[in-house]
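Structure first, then comments.
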Amino acid sequence: MSDLPDSTFIYADKLFHIANKLEDKYYMGIALNLQGNAVRNQGKVQDALEYYPRAIRLFEEVSSSKYLITARTNYALALAQLGQVARAKKSLEEVLLMAQKADDHKNVLWIAGGIAGIYYMINDYPNAVKSIEVGIEAGTIAGDVRGVVGLMSNIGYIRTLQGEYFRALDYLNKGLQQAEKIDSKSHIALILGNIGNVHSARGDHELAQEFYRKTLETLTEVEAIGDKPAIMYDIANHYQQRGNHEKAVKISEDALRMAQEAGITYQIRDNAKILATSYRELGKYKEALAAQDIYLNMVDSLRKSGIAEETVKKDLEFDFEKRALADSLEFAKEQEIQQLTYQANLNAERNKQYGLHGGIGLLLVLGGVGFRSFQNKKKDNAIILAQKAEVEEAHKEITDSIHYAKRIQAAVLPPDAMVKKHLPGSFVLYKPKDIVAGDFYWLEEKNGTVFFAAADCTGHGVPGAMVSVVCVSGLNRSLREMNIVEPGKILDKTRELVVKEFEKSDENVQDGMDIALCSLKGKTLQYAGAHNPLWIVRNGELIETKADKQPIGKYDNPQPYATHTFELQSGDTLYIFSDGYPDQFGGEKGKKYKSVKFKQTLIELAAQPIVDQKELLDREFESWKGNHEQIDDVCVVGLKV
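Residues in the sequence shown are numbered from 54 upward in steps of one, following this note's numbering.
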């Protein structure tokens, strides 16, 4: 299940208030840092400055060097995005030394990437490459595949700018292989676009357009807006320089809409400029003027925010002079002047290096640091893009240290002794992706009936764990306070309680859970499910009972959950689980394990003693996963009758 972006801020805010009541400065700092990341990832960079300095002060007070490094890094990246490059570079260099001394390789990756971005902005490509190489080395040690892939894309792009096309392709092709292994569509799109830029720079425009086509196809599979407008801008710019203004308009219209939706000011500006030029070339003067208005407004907005001040100032003065002149003329004369102006701009653009206009932005989804690369360097229209950073939320931000959230979740998970007492012939394979998880298992006993479940809440890491606490509370109240004992009706009431809890927030939170819930008394089993099925292996065959296709959470036209009743036979083995095991990538080809293979594994496993099944199932998972990253929480509950 995917984690919704608006959830992180909400749960971090809840964490802050809990920690504040307990006067726990450490977790107050963690919450503030997460809130800063959440608003910055939504494009509200200025708002993030309300959170990072407070987090830094708290981490200094409690002497937490690890998270002091993280918070200072995030703060510096925000400053860079706002154009305060000198301050950002100085701060990043200081925290890089701190991280290197502490052997904090993940932070070294992010910080080195940020420093590389600043070197890029001042056209110091050799030092940008050196910084990226430092980041790649650190990311490799840390096992951060996504981070390394992103930096390989970065260095490939810079090698392109240096004219080292074969070295660029070497980095990009290696990065593409890794991106495909982890099935990161955003990284795949990013690298495909950069490969297209290499071929464009070499003058092979037909091959470049083939890679751009693949890039656009891949972007349709990326849900988050992220750097989509930046990537699409690069492609539109390429088509514009080739004289294909219809194609440029089609791409930039979509990119502009996305950039406006996400509030990414510089991409609103850049795509509006593409549209203004191409509309004019197509004779659509009204649309061209409207796009020009948007462009001018964004240039003014960026000037006020301090981004690339001197460059933007030149751009602004040039365009306002155009505007003043145009406003003083009649419409026909206005069009004539604009025609000359646009033609001058077009000629200037055509003089740029081999069509490398804008470059593909450097995107590190959940990987820490990215910077937006582009190549517009003419004196009249010099545009330097402030670094865009995507710092990993939740699990990447707080790995190895969210003991507070871990304690909260540990309090709601049934202890091993309780599981053994009420389900003696059982096992629980529980493998959180992070220290805390969105998956959980649940067990209660009431009047001789044992209730147990395997559930998968929205997200993993801290946001998933916070949702799981809400969902466990709903299950407990349904059974303990309201004395509901039929599984389907327990799920009905739990859904009602969960939806009501999230409705207290001002945000439109869509979080919830998938679950397989069972009750067992003697050999009578009752089951109800939300997306998660029940599998029973009997005499070498697997019997599947499918779940209702509706989650525990907000849902259009919700229906009551069905309760299924079975009389188990001696030797039956039943399994309930989340989707983390079958969804894991691995094997020789880096593919998903999938339900078909999972069924066959459980059929073979059911013949083994229950005491051995957990270890065998875990060994199979690790063997399949190999060197791949675990992509989700894993929870499997098995019971032999």
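Beta carbons are placed, not taken as given, at the ideal position from N, Cα and C, and that holds for glycine.
From F219, G228 and I284, residue whose alpha carbon lies closest to that of A254: The residue given as residue 254 occupies position 201 in the sequence shown. Checked all of F219, G228 and I284; the closest Cα to A254 is F219.
Starting from the C-beta of N160, find all residues in its chain whose C-beta is less than 7 Å away, skip the five residues before and the five after it, and write them out in chain order. On the sequence shown, residue 160 is found 107 positions in, with the first residue counted as 1. Excluding positions up to five away in sequence, the list reads I122, T123, T126 and A152.
Terminal residues of the continuous alpha helix (DSSP H) containing I288? Taking the first residue of the sequence shown as 1, we reach residue 288 at position 235. Looking at the DSSP string, the run of the alpha helix (DSSP H) that includes I288 is K281 to Q294.
Starting from T330, trace the alpha helix (DSSP H) both ways and give me its first and last residue. To locate residue 330, count along the sequence shown from 1; it is residue 277. That run of the alpha helix (DSSP H) goes T318 to E334.
Under the assumption that K652 contacts L595 (Cβ atoms under 8 Å), give the Cβ distance between them as a whole number of angstroms. Position 599 of the sequence shown, counted from the first residue, corresponds to residue 652. Position 542 of the sequence shown, counted from the first residue, corresponds to residue 595. The Cβ separation is near 5 Å, so the contact holds.
Any contact of the stretch 177-194 with the stretch 154-169, i.e. 3+ C-beta pairs under 8 Å? yes
C-alpha distance - I248 paired with F674, whole-angstrom precision: Taking the sequence shown and counting its residues from 1, the one referred to as residue 248 is at position 195. Taking the sequence shown and counting its residues from 1, the one referred to as residue 674 is at position 621. One C-alpha to the other measures close to 35 Å.
Assuming the contact rule is C-beta atoms closer than 8 Å, D509 and N585 should be a hit. Round their C-beta distance to whole Å, please. On the sequence shown, position 456 is the one that residue 509 refers to. On the sequence shown, position 532 is the one that residue 585 refers to. Contact flag correct, Cβ pair sits at about 7 Å.
Suppose you measure from the CA of L621 to the CA of Q666; what does that come to, to the nearest Å? Translated into the one-based positions of the sequence shown, residue 621 becomes position 568. Translated into the one-based positions of the sequence shown, residue 666 becomes position 613. Looking at the two C-alpha atoms, the distance is approximately 20 Å.
Three-state secondary structure (DSSP) of Q579: The sequence position of residue 579 within the sequence shown is 526, counting from 1. Residue state, collapsed to three classes: strand.
Do V690 and S521 have their C-beta atoms within less than 9 Å of each other? Translated into the one-based positions of the sequence shown, residue 690 becomes position 637. Translated into the one-based positions of the sequence shown, residue 521 becomes position 468. Contact: no.
As an exercise, report each continuous beta strand (DSSP E) stretch of at least 3 residues that is fully enclosed by the stretch 230-255, in chain order. none
Strand pairing of E498, partner residues [DSSP]: By one-based count along the sequence shown, residue 498 stands at place 445. Answer by DSSP bridge pairing, in chain order: V503.
If we ignore side chains and look at the alpha-carbon of each, how far apart do D236 and G643 end up? In the sequence shown, residue 236 corresponds to position 183, counting from 1. In the sequence shown, residue 643 corresponds to position 590, counting from 1. Cα to Cα, D236 sits roughly 9 Å from G643.
Check whether the stretch 285-296 touches the stretch 256-273, counting contact only when three or more Cβ pairs, one atom from each stretch, lie closer than 8 Å. yes
Applying the criterion that 16 or more other CB atoms from any shown protein chain within 10 Å of the CB defines a buried residue, is E103 buried or exposed? If you number the sequence shown from 1, residue 103 lands on position 50. Exposed: under 16 other Cβ atoms inside 10 Å.
Indicate the three-state DSSP secondary structure (helix, strand or coil) for V689 in the structure shown. Walking along the sequence shown from the start, residue 689 turns up at place 636. Correct three-state label for V689: strand.
Can you give, in chain order, each stretch of the beta strand (DSSP E) that sits fully within the stretch 591-640 and has at least 3 residues? 594-598, 617-620 and 626-630
The beta strand (DSSP E) with D567 in it runs from where to where? As a position in the sequence shown, residue 567 is number 514, starting the count at 1. From DSSP, the beta strand (DSSP E) with D567 extends over G565 to K574.
Cβ-based neighbour list, T598, same chain, cut-off 7 Å, excluding 5 preceding and 5 following: Within the sequence shown, the letter at position 545 stands for residue 598. The answer, listed in chain order, is Y580, P586, L587 and H617.
Span of the beta strand (DSSP E) around L655: Residue numbering aside, residue 655 sits at position 602 when the sequence shown is read from its first letter. No beta strand (DSSP E) contains L655, which is instead part of the alpha helix (DSSP H) from S648 to L658.
For A508, which residues does DSSP report across the bridge? Start at 1 with the first residue of the sequence shown, and residue 508 comes out as number 455. For A508, which the question treats as bridged, DSSP gives the partners F493 and I568.
Hey, is A343's beta-carbon within less than 9 Å of any beta-carbon in chain B? Among the chains in the structure shown there is no chain B, since it carries only a single protein chain.
Y494: which of F630, V664 and D257 sits nearest, CA to CA? The residue given as residue 494 occupies position 441 in the sequence shown. For the residues F630, V664 and D257, the minimum Cα distance to Y494 belongs to F630.
For the beta strand (DSSP E) that contains K484, what are its first and last residues? Taking the first residue of the sequence shown as position 1, residue 484 is located at position 431. Counting along the chain, the beta strand (DSSP E) containing K484 begins and ends at S479 to K484.
Let me know the alpha helix (DSSP H) ranges lying completely inside the stretch 93-141, each 4 residues or longer, listed in chain order. 98-101, 105-114 and 118-134
Quick check on the burial criterion: 16 or more other C-beta atoms within 10 angstroms. Buried or exposed for V523? Counting from 1 along the sequence shown, the entry for residue 523 is found at position 470. Under this definition V523 is a buried residue.
At which residues does the alpha helix (DSSP H) containing R199 begin and terminate? For the purposes of this step, residue 199 is taken as residue 146 along the sequence shown, with counting starting at 1. First-last of the alpha helix (DSSP H) with R199: V198 to L214.
Please classify G228: is it buried, with 16 or more other beta-carbons within 10 angstroms of its beta-carbon, or exposed? Locating residue 228 in the sequence shown gives position 175, where the first residue counts as 1. G228 comes out buried.
Can the beta-carbon of Q42 be found less than 9 Å from the beta-carbon of D685? Because the chain here runs from 54 to 694, residue 42 falls outside it and cannot be looked at.
Go ahead and pull the three-state DSSP assignment for K642. The count along the sequence shown starts at 1 and reaches residue 642 at position 589. DSSP places K642 in coil when its eight states are reduced to three.
Classify L309 as helix, strand or coil using the three-state DSSP reduction. As a working note, residue 309 is residue 256 in the sequence shown. Reduced to three states, the DSSP call for L309 is helix.
Once DSSP output is grouped into helix, strand and coil, what is the label at I537? In the sequence shown, counting from the first residue as 1, residue 537 sits at position 484. If DSSP states are grouped into helix, strand and coil, I537 belongs with coil.
Nearest to Y646 by CA position, among I663, D346, D157 and S676, is which residue? Here the question's residue 646 lines up with position 593 in the sequence shown. Nearest C-alpha to Y646: S676.
Where I589 sits in the DSSP three-state scheme: One-based indexing of the sequence shown puts residue 589 at position 536. Strand, per DSSP.
Where does I175 land, buried or exposed, given buried means 16+ other C-beta within 10 angstroms? Here residue 175 is taken as the residue at index 122 of the sequence shown, counted from 1. Counting Cβ neighbours within 10 Å, I175 comes out exposed, since fewer than 16 surround it.
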